[in-house]
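Plus 531 on top of the position in the sequence shown (first one is 1) and you've got our numbering.
Beta carbons are placed, not taken as given, at the ideal position from N, Cα and C, and that holds for glycine.
Here the structure comes first, spelled out in structure tokens, and everything after it is commentary.
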Amino acid sequence: MRKVGLAAVMVAAAFVTGGCGQSVERLDGAAAPDGVGATSPSPSVTPSPSPSAKPTVTRTSAAPLVLGPLGLGKLRLGMTVKEAQATGMITGYHVVNYGANCGVADFRAGSKGGVFFTPNEMGLSNIYAYGGISTPEGIRLGSTYQAVKEAYPDFVFVIDDRATEGNGIADTPGNSKARYAITIDNGKVTALGLGAEGQLCQE
């Protein structure tokens, strides 16, 4: 019994040892030459979807409105009240009960100034503006008297006629039926308007 048990143990040990020596781990892919480590296959990588490109939005500031020679933006001298309202530029139209009973309206938010309507077939007859609005010749609030005279050599004062201050008018280049109304105080432009010839709403 003792010999059988020892022999059995030796056989079992030999079986285990032989099994361990002959066991070969199988790897996928071609066998590497002796002495060269087998290269493990690179794990497959699923490319992540690239985020959809968003359109670049370029913010541009609106170009300043130009007063003259025919109007301001979509507003045009000679428009009816309904035509002027349809531009979306004016609000609060009403008729004043003094003088020539002219119609009056203000610019909507974003622009400073307003318009007058002479009560006859003339329609929109005056546009007055403040802020960054300028004429095609570059005259705006803050422009000097000298700049006005250079842009409009025919500019003359008609009210409060002092050397370099008061209310004056100048022909409108490109529109023989309109004039610029320009107020100068302390040597600089403080009010700027465009009026149709024959209008009754502003002096």
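Taking the continuous alpha helix (DSSP H) assigned at residue i, which residues delimit it?
i, result
"A617", "612-617"
"A694", "From DSSP, A694 is part of no alpha helix (DSSP H); its letter is neither H nor E."
"A678", "676-682"
Where DSSP assigns a beta bridge to residue i, which residues make up the other side?
i, result
"G724", "Y659, A712"
"D637", "T622, G645"
"S707", "Per DSSP, none; premise fails for S707."
"G699", "F688, I713"
"K719", "T675, D716"
"G602", "R607"
"V597", "S665"
"G654", "T649"
Output the boundary residues of the beta strand (DSSP E) element that contains residue i.
i, result
"K643", "643-649"
For residue i, tell me which candidate among the options has the shortest Cα-Cα distance.
i, options, result
"P704", "V720, K719, Y683", "Y683"
"T721", "G673, A678, I700, G699", "G673"
"I621", "G663, N698, A631, K605", "K605"
"L723", "N628, L731, I664, A678", "I664"
"T675", "T695, Y659, H625, D685", "T695"
"T611", "G729, V679, G654", "G654"
"A640", "H625, Y661, Q677", "Y661"
"V597", "Q677, G630, L725", "L725"
"Q677", "P667, G718, N632", "G718"
"Q730", "N657, I700, P667", "N657"
"E599", "A727, C732, Q733", "Per the sequence presented here, residue 599 reads as Gly, with Glu not at that position. For the residues A727, C732, Q733, the minimum Cα distance to G599 belongs to A727."
Q. Counting Cβ pairs, one atom from each stretch, are 3 or more of them under 8 Å apart for the segment 646-653 and the segment 701-711?
A. The segment 646-653, when compared against the segment 701-711, does not touch it at the 8 Å Cβ threshold.
(Q) Three Cβ pairs or more, each shorter than 8 Å: is that satisfied between the segment 684-699 and the segment 713-721? (A) A contact exists between the segment 684-699 and the segment 713-721.
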